[in-house]
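Asks: Input: one structure, supplied below.
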Amino acid sequence: MDTRGHIRSIFGKRRALIGVIHVGALPGTPQGRESVEAIAKAAAADARAYREAGFSGLMVENMHDRPYLRREVGPEVVAAMAVVAQAVRREVPGLPLGIQVLAGANRESLAVAHACGARFVRVEGFVFAHVADEGVMQSDAGTLLRYRRAIGADGVAVFADIKKKHSAHAITADMDLAETARAAEFFLADGVIVTGTSTGRPADPAEVEAVAGAVSIPTLVGSGTTPENVGGFGPADAFIVGTSPKRDGLWSNPVDPARAAALVNAFAKLAPD
16 MDTRGHIRSI FGKRRALIGV IHVGALPGTP QGRESVEAIA KAAAADARAY
66 REAGFSGLMV ENMHDRPYLR REVGPEVVAA MAVVAQAVRR EVPGLPLGIQ
116 VLAGANRESL AVAHACGARF VRVEGFVFAH VADEGVMQSD AGTLLRYRRA
166 IGADGVAVFA DIKKKHSAHA ITADMDLAET ARAAEFFLAD GVIVTGTSTG
216 RPADPAEVEA VAGAVSIPTL VGSGTTPENV GGFGPADAFI VGTSPKRDGL
266 WSNPVDPARA AALVNAFAKL APD
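Have a look at this one:
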């Protein structure tokens, strides 16, 4: 089976490079100070920079909302994320968009994606429990996919983190990463995401290769991709990148056009169209 088929259907390419827009702290969160309008304007500027650098797609994430709530957020966050995502879509209408609402607010991610026409969501805690920064995260594949069907969002792909970063996985220490990926595929994930231990930390190329060989759905690399290491992830179908393209290599900074372009150039050598 062509594992890249689903990636091509969304991005129009056999492999995809997805730039993360870390939206400013939203209303009601500890660091929230700016208006939604100002946050959306900054997100649109990052979207333009990613488009001009040649990225395949974008993802909007509320990473500035720390410390995160577990599994659910307030309506003020959902509403603001929808406004920001729609502003990004208006700015760069040709780039497929994804949504992630932290931490593990997967239903909210789907709702935002469905409302603004995004093509995919990144979810955590899809299969197997783990201990996250926010506490114990139970799996939600069954309820999430039923919710997707209930709201008519079947066209929104679900890309699931497996043994996610910023988490402890002692509960499933007897379950290797490839077997976890098989479980996510069995529970109807549209793709699986392999990460390092934390934001900006690279995934293990051997783990990426093992997962890609274990499943027939796309394998995405979800952290730590740089111009220097992207060539080592040949089996990966897509890369979600939000640190190395930013100014000074810090996720919290705006996109640096030169750093973004360097990553695109390195990625193009791995996956020419």
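So the sequence shown is residues 16 to 288, counted in my numbering.
In this text, a Cβ means the ideal position worked out from N, Cα and C, and glycines have one as well.
Determine the closest residue to Asp148 out of Val173, Glu52, Gly119, Gly239, with distance taken between C-alpha atoms.
Replies: The candidate whose alpha carbon is nearest that of Asp148 is Gly119.
Asks: Measuring CB atoms only, is the region 113–129 touching the region 73–88, in the sense that at least three cross pairs come out at less than 8 Å?
Replies: Touching, yes.
Asks: Which of the three DSSP states, helix, strand or coil, is assigned to Ala118?
Replies: Ala118: coil per DSSP, three-state reduction.
Asks: Run through DSSP, which three-state label would Ser297 get?
Replies: No answer is possible for residue 297: the residues shown for the chain start at 16 and end at 288.
Asks: According to DSSP, is Val279 helix, strand or coil?
Replies: In this structure, Val279 counts as helix in the three-state DSSP scheme.
Asks: Quick one: what's Leu235 bridged to in DSSP?
Replies: Leu235 pairs with Ile208, Ala253.
Asks: With distances taken between CB atoms, is the gap from Pro242 to Ala227 smaller than 8 Å?
Replies: No; because the gap between Cβ atoms is not below 8 Å, this pair is not in contact.
Asks: Could you give the distance in angstroms between the alpha-carbon of Glu281 and the alpha-carbon of Gly239?
Replies: It is Ala, not Glu, that sits at residue 281 in the sequence shown. Using only the alpha carbons, I get a separation of about 14 Å.
Asks: Helix or strand or just coil, what does DSSP make of Val88?
Replies: Residue state, collapsed to three classes: coil.
Asks: Kindly indicate which three-state DSSP category Ile25 falls into: helix, strand or coil?
Replies: Reduced to three states, the DSSP call for Ile25 is helix.
Asks: For Glu76, which three-state DSSP category applies?
Replies: Reduced to three states, the DSSP call for Glu76 is strand.
Asks: Run through DSSP, which three-state label would Ser182 get?
Replies: Three-state DSSP puts Ser182 in a strand.
Asks: Below 8 Å on the Cβ atoms is my contact criterion, and I expect Glu194 with Ile232 to pass it. Report the Cβ-Cβ distance as a whole number of Å.
Replies: About 15 Å separates the two Cβ atoms, so there is no contact after all.
Asks: What is the residue span of the beta strand (DSSP E) that Asp176 lies within?
Replies: Looking at the DSSP string, the run of the beta strand (DSSP E) that includes Asp176 is 172–176.
Asks: Give the C-beta separation of Ile8 and Ala273 to the nearest angstrom, bearing in mind that I take them to be a contact with Cβ-Cβ under 8 Å.
Replies: Residue numbering for the chain in the displayed model covers 16 to 288; residue 8 lies beyond these limits and cannot be assessed.
Asks: Which whole-angstrom value describes the C-beta separation of Val99 and Ala55, a residue pair presumed to lie in contact below a C-beta threshold of 8 Å?
Replies: So it is a contact: roughly 5 Å between Cβ atoms.
Asks: Going by the CB atoms, is the gap between Gly113 and Val136 shorter than 8 Å?
Replies: Closer than 8 Å, so yes.
Asks: Taking buried to mean at least 16 other C-beta atoms within 10 Å of its own C-beta, is Gln115 buried or exposed?
Replies: Buried.
Asks: Could you give the DSSP three-state label for Met16: helix, strand or coil?
Replies: In this prediction, Met16 scores a pLDDT of 39, lower than 50, which makes its location untrustworthy; no coordinate-derived value is stated.
Asks: In chain order, what are the residue ranges of uninterrupted beta strand (DSSP E) at least 3 long that sit wholly in the region 110–158?
Replies: The region 110–158 contains these whole beta strand (DSSP E) runs: 112–115, 135–138, 145–147, 150–152.
Asks: Quick check on this structure: which residue in Gly157, Gln153, Glu139 has the alpha carbon closest to the alpha carbon of Phe174?
Replies: Among Gly157, Gln153, Glu139, the Cα nearest to that of Phe174 is on Glu139.
Asks: Determine the DSSP secondary structure at Gly34, reduced to helix, strand or coil.
Replies: In this structure, Gly34 counts as strand in the three-state DSSP scheme.
Asks: Can you grab the Cα-Cα spacing for the pair Ile25 / Lys284, in whole Å?
Replies: Each residue's alpha carbon lies about 21 Å from the other.
Asks: If we count the other Cβ atoms within 10 Å of its Cβ and call it buried at 16 or more, is Thr210 buried or exposed?
Replies: Answer is buried; the Cβ neighbour count reaches 16.
Asks: How big is the Cα-Cα spacing for Lys28 and Val207?
Replies: If I take the Cα positions, the gap works out to 18 Å.
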